[in-house]
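Student: Pasting in a structure now, in structure tokens, and then I'll have a few things to ask.
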Amino acid sequence: MTTPLLHLDKITMQFGGLKAVSEVDYAIHKGELVGLIGPNGAGKTTVFNCITGVYTPTQGKVMFEGRQISGMKANRIACGGITRTFQNIRLFSRLTCLDNVAVAAHPHHKAGLASAILQTPAFEADEKALKAQAFEMLDVLGLADYADQPATSLAYGQQRRLEIARALAGKPRLLLLDEPAAGLNPQESEELMTLITGIRKRFELTILLIEHDMKVVMGICERIAVLDYGVKIAEGTPVEIRSNPKVIEAYLGEEMPA
Amino acid sequence: MKRFLPPILTIFALVALNVLLPRVMNPYYFQVLMLIGINVVLAVSLNLVNGFTGQFSIGHAGFMAVGAYASAMFTLKIGAPFAASLTGVPLPVAQGIALLMALVAGGLLAAGAGWLVGLPSLRLRGDYLAIVTLGFGEIIRVVILNVNAIGGARGLPGIPPYATFFWVFGVVAIVIGLARNLAHSTHGRALFAIRDDEIAAEALGVDTTKYKVLAFVLGAFFAGVAGGLFAHFLSYLNPSSFTFIKSIEVIAMVVLGGMGSISGSVMAAIVLTLLPEVLRSVKDFRMVIYALMLIVLMITRPQGLMGTRELDLGALFGRKKAKVVS
Ligand SMILES: Nc1ncnc2c1ncn2[C@@H]1O[C@H](COP(=O)(O)OP(=O)(O)OP(=O)(O)O)[C@@H](O)[C@H]1O
Ligand SMILES: [Mg+2]
Numbered sequence: 385m386t387t388p389l390l391h392l393d394k395i396t397m398q399f400g401g402l403k404a405v406s407e408v409d410y411a412i413h414k415g416e417l418v419g420l421i422g423p424n425g426a427g428k429t430t431v432f433n434c435i436t437g438v439y440t441p442t443q444g445k446v447m448f449e450g451r452q453i454s455g456m457k458a459n460r461i462a463c464g465g466i467t468r469t470f471q472n473i474r475l476f477s478r479l480t481c482l483d484n485v486a487v488a489a490h491p492h493h494k495a496g497l498a499s500a501i502l503q504t505p506a507f508e509a510d511e512k513a514l515k516a517q518a519f520e521m522l523d524v525l526g527l528a529d530y531a532d533q534p535a536t537s538l539a540y541g542q543q544r545r546l547e548i549a550r551a552l553a554g555k556p557r558l559l560l561l562d563e564p565a566a567g568l569n570p571q572e573s574e575e576l577m578t579l580i581t582g583i584r585k586r587f588e589l590t591i592l593l594i595e596h597d598m599k600v601v602m603g604i605c606e607r608i609a610v611l612d613y614g615v616k617i618a619e620g621t622p623v624e625i626r627s628n629p630k631v632i633e634a635y636l637g638e639e640m641p642a
Numbered sequence: 004m005k006r007f008l009p010p011i012l013t014i015f016a017l018v019a020l021n022v023l024l025p026r027v028m029n030p031y032y033f034q035v036l037m038l039i040g041i042n043v044v045l046a047v048s049l050n051l052v053n054g055f056t057g058q059f060s061i062g063h064a065g066f067m068a069v070g071a072y073a074s075a076m077f078t079l080k081i082g083a084p085f086a087a088s089l090t091g092v093p094l095p096v097a098q099g100i101a102l103l104m105a106l107v108a109g110g111l112l113a114a115g116a117g118w119l120v121g122l123p124s125l126r127l128r129g130d131y132l133a134i135v136t137l138g139f140g141e142i143i144r145v146v147i148l149n150v151n152a153i154g155g156a157r158g159l160p161g162i163p164p165y166a167t168f169f170w171v172f173g174v175v176a177i178v179i180g181l182a183r184n185l186a187h188s189t190h191g192r193a194l195f196a197i198r199d200d201e202i203a204a205e206a207l208g209v210d211t212t213k214y215k216v217l218a219f220v221l222g223a224f225f226a227g228v229a230g231g232l233f234a235h236f237l238s239y240l241n242p243s244s245f246t247f248i249k250s251i252e253v254i255a256m257v258v259l260g261g262m263g264s265i266s267g268s269v270m271a272a273i274v275l276t277l278l279p280e281v282l283r284s285v286k287d288f289r290m291v292i293y294a295l296m297l298i299v300l301m302i303t304r305p306q307g308l309m310g311t312r313e314l315d316l317g318a319l320f321g322r323k324k325a326k327v328v329s
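Residue numbers (our numbering), protein chains in the order written: chain A, 385 to 642; chain B, 4 to 329.
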């Protein structure tokens, strides 16, 4: 068996008396598009925070490409190939859309501080390349027209897409999307599904997706894990998950259409 | 080589004004002009920390004091004898070299202090920096008060007045150019990202600790240089020039000008240096009116004079529209 791209090795995240994540064991392989679902407060976002270095799991470890990343600083993990979007949109509010994305491309450009301050030709060339790359990402997400607009001037759905553009500019191998369809209307969610499968193919990404919109999750994920009270209660294909009695009881409810 | 043109023109203008202004200008106005220059350096350098990076430092006067005393002692012990030993070199050049060495020494010592203060407190998120810089400013002042070798409470007189118009406004040009170029680079964007959302910046690969410390150390360096200019302009230093009130004054310039706006800081430094002078005629009410005007300005324009925008000289001449830089 090959080493998984990402392996959550029995991770637990304890906040005081609360175990937000409890001994979650989960492996994701290169190229997969997998979902993470569960009721509110189940610990999904906390799992993302443990993967991206916002928190260090109190027990267990996170392995990425065979190396331990839990305990590393968040920016090192990002540069190492894992970027994310946020459930509560966290854009750089006073920067333009292009600059929002350019920030994420920053680790891949090594023009030094001195050359930036002296504005050497080498720096100018590097800056141009960086902006071009950021613009390309905006274009992929259909936001090229808004490059010079402040990020906060975008409509809600566009802000969600800008977050994805920004995460992509970091050239990740693993992309984490935290509820990308939240607050979108049905048509926008539909477009989002096409978009996610599109970028996955184009950038050869592995994607882990948190989502409450079952149409989106069941529609695009190949595998799904279910959390409830921090515990992984099920794992399987969309068909298996939909018919799993534990999942129905904890999360999906009775009237989930077949 | 188009990019060398502005610096060369600036140097020519500075040399010409350096000769002209002290001869034609009323000495009082000239002194105010020089203090404006020094305050611009202080405001723009603090803007790197408070405006660009969104960290709250309230000890800028402390770094200014370190630079002022260090550069003054450097000149008294090393620079002045060295300048005197440079026979055959024109006097302004010899003194200029001595001043430059003193400014670099003062700036470096202030930057070193900034590094020591910044590294532990900037690792953490939140308001630690405010508390630590507040303490730092007070500690520096009390230390100066009690060290007799640098004059203690009596002050330090007899510093050679090497800081001419050329040097003060040369540093003004350098600090503005540096801040501007930084703002338009990937490093500046990293600072702005930290200001707007530190967690997101970190999740996108920005080494937030490194950049916060960098901005802070750069800010401390130029505060030190401003202190050095101050020392070599007034020829006399006193610890009472570097109280908490001075730090607040510089913060007021940054906030009034607009956090993150370089041209805003420059304008606010000019306004807030002139205001107390203009108000001298109303004597006792001077500081009351000064405070009232600050309050009114902040109520009517809470984002500061410029917000995060820049004054675009090109726009004044109809070349292109003013644009948002940050
Ligand atoms: N920093 C923290 N300190 C204390 N408790 C926390 C912290 N972060 C999360 N929690 C708690 O952990 C639990 C899981 O939260 P989490 O945000 O991971 O849930 P979620 O599955 O993402 O929910 P939702 O679907 O509402 O986004 C919640 O009870 C939350 O209050
Ligand atoms: Mg969540």
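Ideal Cβ placement from N, Cα and C applies to all residues, glycine included.
(1) In angstroms with no decimal places, state the Cα-to-Cα distance between Ala-234(B) and Met-262(B).
(2) Using 9 Å as the threshold, is the C-beta distance between Phe-110(B) and Phe-224(B) below it?
(3) Output needed for Ser-266(B): all residues of its chain with C-beta closer than 7 Å, excluding positions within five of it in sequence on either side, in chain order.
(4) Have a look at the DSSP bridge pairing and note the partners of Glu-559(A).
(5) Taking any Cβ of chain A, which residues in the segment 164-193 of chain B have a Cβ under 9 Å from it, in chain order?
(6) Among Ile-591(A), Ala-618(A), Asp-612(A), whose alpha-carbon lies nearest the alpha-carbon of Val-418(A)?
(7) How would you call Val-175(B), buried or exposed, if buried means at least 16 neighbouring beta carbons within 10 angstroms?
(8) Does the distance from the CB of Leu-552(A) to the CB of Thr-436(A) come in under 9 Å?
(9) With distance defined between alpha-carbon atoms, name the residue in Leu-479(A), Gly-567(A), Cys-605(A), Asp-510(A) nearest to Asp-532(A).
(10) Buried or exposed: where does Lys-326(B) fall if 16 or more other Cβ atoms within 10 Å of its Cβ makes it buried?
(11) Can you tell me which of Leu-36(B), Ile-41(B), Asn-29(B) puts its alpha carbon nearest to the alpha carbon of Ile-179(B)?
(12) Between Glu-416(A) and the rest of its own chain, which residues show a CB-CB distance below 7 Å, the 5 nearest in sequence each way excluded?
(13) In the segment 460-494 of chain A, which residues sit with their C-beta less than 7 Å from some C-beta in chain B, listed in chain order?
(14) Using only CA atoms, which one of Thr-442(A), Lys-428(A), Pro-629(A) lies nearest to Gly-401(A)?
(15) Could you pull the start and end residues of the beta strand (DSSP E) that Leu-240(B) belongs to?
(16) Report all residues from its chain with a CB closer than 6 Å to the CB of Asn-50(B); omit the five preceding and five following residues, and keep chain order.
(17) Give a yes or no on whether the C-beta atoms belonging to Ile-177(B) and Thr-56(B) are separated by under 9 Å.
(18) When you compare each of Val-209(B), Leu-295(B), Ser-250(B) to His-493(A) by their alpha carbons, which one comes out closest?
(19) Would you please state the rounded distance, in angstroms, between the beta carbons of Leu-568(A) and Ile-594(A)? I believe it to be under 8 Å.
(20) At what residues does the alpha helix (DSSP H) containing Met-37(B) begin and finish?
(21) Against chain A, which members of the segment 197-208 of chain B pass a CB distance test of less than 8 Å?
(22) If I follow the unbroken alpha helix (DSSP H) through Ile-292(B), where does it start and stop?
(23) Quick check on the contact list: which residues have their beta carbon closer than 7 Å to a heavy atom of ligand 2?
(24) Measuring only the C-alpha atoms, how far is Gln-517(A) from Thr-246(B)?
(25) Say whether the segment 266-285 of chain B touches the segment 58-69 of chain B, bearing in mind that this needs 3 or more beta-carbon pairs closer than 8 Å, one atom from each stretch.
(26) Just how far apart, CA to CA, sit Val-120(B) and Ala-97(B)?
(27) Given 8 Å as the limit, is there contact between the segment 188-204 of chain B and the segment 78-94 of chain B, that is, 3 or more CB pairs closer than that?
(28) Using the Cβ count rule (16 or more neighbours within 10 Å means buried), how would you classify Phe-288(B)?
(29) For Lys-354(A), which residues from the same chain have a beta carbon less than 6 Å from its beta carbon, with the 5 sequence-adjacent residues on both sides left out?
(30) Rounded to a whole number of angstroms, what is the C-alpha to C-alpha distance between Ala-634(A) and Pro-622(A)?
Tutor: The short version:
(1) 28 Å
(2) Per the sequence shown, residue 110(B) should be read as Gly rather than Phe. Cβ distance < 9 Å, so Gly-110(B) and Phe-224(B) count as in contact.
(3) Met-309, Glu-313, Leu-314
(4) A small correction: the amino acid at residue 559(A) is Leu; Glu does not occupy that position in the sequence shown. Paired residues: Thr-467(A), Ile-591(A).
(5) Gly-180, Leu-181, Asn-184, Leu-185, His-187, Ser-188, Thr-189, His-190, Gly-191, Arg-192, Ala-193
(6) Ile-591(A)
(7) buried
(8) no
(9) Leu-479(A)
(10) Because the pLDDT of Lys-326(B) is 35, which lies under 50, any placement of that residue in the model is unreliable, and the number read from its coordinates should be weighed accordingly. Taking every protein chain shown into account, the CB of Lys-326(B) has fewer than 16 other CB atoms within 10 angstroms, so this residue is exposed.
(11) Ile-41(B)
(12) Thr-590, Glu-606, Arg-607
(13) Ala-462, Cys-463, Thr-467, Arg-468, Phe-470, Arg-474, Phe-476, Ser-477, Arg-478, Leu-479, Thr-480, Asp-483, Ala-486, Val-487, Ala-488, His-490, Pro-491, His-493
(14) Thr-442(A)
(15) No beta strand (DSSP E) holds Leu-240(B); DSSP gives it neither H nor E.
(16) Excluding residues within five positions, the ones whose Cβ falls inside 6 Å are Val-257, Ser-268.
(17) no
(18) Residue Val-209(B) is the option with its Cα nearest to His-493(A).
(19) About 14 Å separates the two Cβ atoms, so there is no contact after all.
(20) 30-49
(21) Arg-198, Asp-199, Asp-200, Ile-202, Ala-203, Ala-204, Glu-205, Ala-206, Leu-207, Gly-208
(22) 289-303
(23) Lys-428(A), Thr-429(A), Gln-471(A), Asp-562(A), Glu-563(A), Ile-594(A)
(24) 48 Å
(25) no
(26) 35 Å
(27) no
(28) Exposed, since its Cβ has fewer than 16 Cβ neighbours within 10 Å.
(29) Past the boundaries of the shown model lies residue 354(A); chain A is included only from 385 to 642, so the question cannot be answered.
(30) 16 Å
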